[in-house]
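No gaps in the numbering here: position 31 of the sequence shown is 30 in numbering that gives the first Met the number 0, and each next residue is one more. Working notes, beginning with the structure itself.
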Amino acid sequence: MYDPDTIAAIATPPGPGGIGVVRVSGPRAEALAGHVFQRRGAGPWQTHRLYHGRIIAADGTPIDDGLAVLMRAPRSYTGEDVLELHCHGSPVLLQRVLQSVLGRGARAARAGEFTQRAFLNGKLDLAQAEAVVELVRARTPDAAQAAAEQLFGGLSAHLTALRETLVRAKAHLEARIDFSDEELDLDDAALLPELETARAGVAELLRTYERGRLLRDGLRVAITGLPNAGKSSLLNALLGAERAIVTAEPGTTRDVIEASLDIDGVPVVLYDTAGLRDGSDEAERLGVDRARTVAAGADVVLVVLDTARALAPQRRLLVGEPLAVLNKIDLPTAWSAAELGAIAGDHPAVRVSATVPLGLDDLRQAIAQRAAVAWSDHLPTLTSARQYDSLAKAERSLANAIDALRRGVPPDLVAVDVQAALEHVGAVTGIVTSEDILDAVFREFCIGK
């Protein structure tokens, strides 16, 4: 259990803003309210009421004209007494307000400590706590929606139903173990389909992780091709901004240029890479090596082919399952109709002009199709590798239990695998957890959340 001292932090993002918030949580929050805030009017503080007044420094000097709200336990985010001080959003001003609070007995909060206290006080389970950081980091509306559904308990409710199925199965097996000498009305035939249904449900959840990964990390798209094929022009055209330098000189791009955009609700990370050729100097050779490394780790590889130049030296780049981008269609083509048909027949291909521009909507659609993964309206989305790992272990334990049942293994051995599955499912929501896991989860948070 945590030490219930009083913590404080700036809860709004760094940098200037219209409003800034300093958050305080713990047993001294209400006492601090009377020391650092001079409100208008007398009488005891009412919970969840917004007061107007002055925020005061430790020496009694007014810091700012602002607002304060006291939220008494347990009706607060952390489940403890919480004080929020709302002032103008100057970073200097916020630091002065924070120092006033710290000077009266609070300590600086660690990253994620407010949400960790919410978890420890039963306000959130661990899956919901992880959803908080995913919601803060969301880069697209779809990512925010997936995180919000998890925060509102979608994943937790799904796993609660799954746990109930496994608890019934475990109880059945325990009854078989404890009362093996008595005649009990236990239908063993019903146990196997119940475990198979549970395993199928876990497997279905595991398949949502790919979409969760895309929403969180983005679809990695590498733009490759020969020098002067139009890779940097294509990057700029997709972004609608001059992000990369474009010149007629081959080899202008020496390093990987990274940029982000949103395509149909999926965050996409574009990587403009050096032209693939034998470099004339060490810098270009290093750039080509990095280009190949980025392409090897990408979810989608765009091979930009210059239709105004001969196809033969470019065709060797079409390795694996790339998306062929036939660029410069506004210029006279150097390819025969047979060559155009062969490329389209062998690889998914999109015809564009990065400079006019033409065909960019078709290219965006083709990229979005590569991001399409199985999606079900009735299933929550796994958003973290920790959740995936726990449920993958649960699925393996259930597979072992099902196999043991089919082979007629004694019920006490089957029960071991069912119990393991229960623990792995419980680890997702924090029913079964350890301090190391909690430290790893809340380390990902920002300070003040």
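We treat Cβ as the ideally placed atom computed from N, Cα and C, and that holds for glycine.
Going by alpha carbons, who is nearest to residue i out of the options?
i	options	result
residue 21	73, 88, 47, 38	88
residue 440	350, 115, 296, 146	115
residue 204	156, 231, 225	156
residue 36	26, 300, 443, 62	62
residue 310	285, 287, 339	339
residue 131	289, 199, 215	215
residue 331	305, 345, 341	305
residue 32	16, 57, 318	57
residue 27	43, 38, 3	3
residue 241	265, 271, 261, 228	271
residue 139	407, 261, 348, 444	261
residue 91	16, 124, 73, 119	16
residue 198	73, 50, 393, 14	393
residue 315	164, 346, 288	346
residue 239	193, 192, 149, 356	356
residue 160	149, 200, 173	200
residue 230	352, 335, 149, 206	352
residue 348	320, 432, 192	320
residue 192	75, 398, 437, 408	398
residue 76	120, 39, 13	120
Please state if the CB of residue j and the CB of residue i are separated by a distance shorter than 8 Å.
i	j	result
residue 369	residue 298	yes
residue 302	residue 354	no
residue 267	residue 220	yes
residue 169	residue 417	yes
residue 55	residue 84	no
residue 427	residue 389	yes
residue 358	residue 350	yes
residue 105	residue 6	yes
residue 448	residue 151	no
residue 259	residue 296	no
residue 233	residue 424	no
residue 107	residue 8	yes
residue 143	residue 134	yes
residue 365	residue 322	yes
residue 175	residue 410	yes
residue 294	residue 287	no
residue 307	residue 337	no
residue 318	residue 141	no
residue 80	residue 148	no
If you draw a straight line from the C-alpha of residue i to the C-alpha of residue j, how long is it?
i	j	result
residue 521	residue 202	The displayed coordinates of the chain run from 0 to 448. Any statement about residue 521 would go beyond what the structure contains.
residue 400	residue 154	24 Å
residue 435	residue 78	23 Å
residue 246	residue 10	Its pLDDT being 49, under 50, residue 246 is placed unreliably by the model, and nothing is read from it.
residue 363	residue 111	37 Å
residue 94	residue 360	47 Å
residue 48	residue 66	10 Å
residue 195	residue 167	14 Å
residue 387	residue 109	27 Å
residue 70	residue 25	11 Å
residue 342	residue 327	16 Å
residue 285	residue 225	15 Å
residue 457	residue 60	Missing from the structure shown is residue 457; the chain here goes from 0 to 448 and no further.
residue 41	residue 385	50 Å
residue 118	residue 171	32 Å
residue 444	residue 136	10 Å
residue 312	residue 228	12 Å
residue 482	residue 391	Any property of residue 482 remains undetermined from this structure, which presents the chain solely from 0 to 448.
residue 50	residue 68	6 Å
residue 73	residue 190	42 Å
residue 415	residue 165	12 Å
residue 430	residue 124	8 Å
residue 82	residue 442	23 Å
residue 86	residue 235	40 Å
residue 64	residue 446	25 Å
residue 413	residue 420	11 Å
residue 96	residue 34	12 Å
residue 329	residue 269	24 Å
residue 422	residue 437	16 Å
residue 404	residue 206	26 Å
residue 408	residue 377	35 Å
With hydrogens ignored, establish whether the beta-carbon of residue i is closer than 7 Å to any heavy atom of the ligand GDP.
i	result
residue 255	This structure lacks the ligand GDP, and indeed carries no ligand of any kind.
Can we say the segment 86 to 100 touches the segment 17 to 34, given the rule of at least three CB pairs closer than 8 Å? The segment 86 to 100, when compared against the segment 17 to 34, does touch it at the 8 Å Cβ threshold.
Completely contained alpha helix (DSSP H) runs for the segment 161 to 229, where each covers 4 or more residues: Within the segment 161 to 229, complete alpha helix (DSSP H) segments of at least 4 residues are found at 187 to 205, 208 to 216, given in chain order.
Counting only runs that start and end within the segment 294 to 369, where is the alpha helix (DSSP H) found for 4 or more residues in a row? Along the length of the segment 294 to 369, whole alpha helix (DSSP H) runs at least 4 residues long occupy 311 to 314, 336 to 345, reported in chain order.
Does the structure place the segment 378 to 385 close enough to the segment 199 to 218 that three or more beta carbon pairs sit under 8 Å? The segment 199 to 218, when compared against the segment 378 to 385, does touch it at the 8 Å Cβ threshold.
Which runs of the beta strand (DSSP E) at least 3 residues long sit entirely within the segment 65 to 122? Give them in chain order. For the segment 65 to 122, whole beta strand (DSSP E) runs of length 3 or above, ordered along the chain, are 81 to 88.
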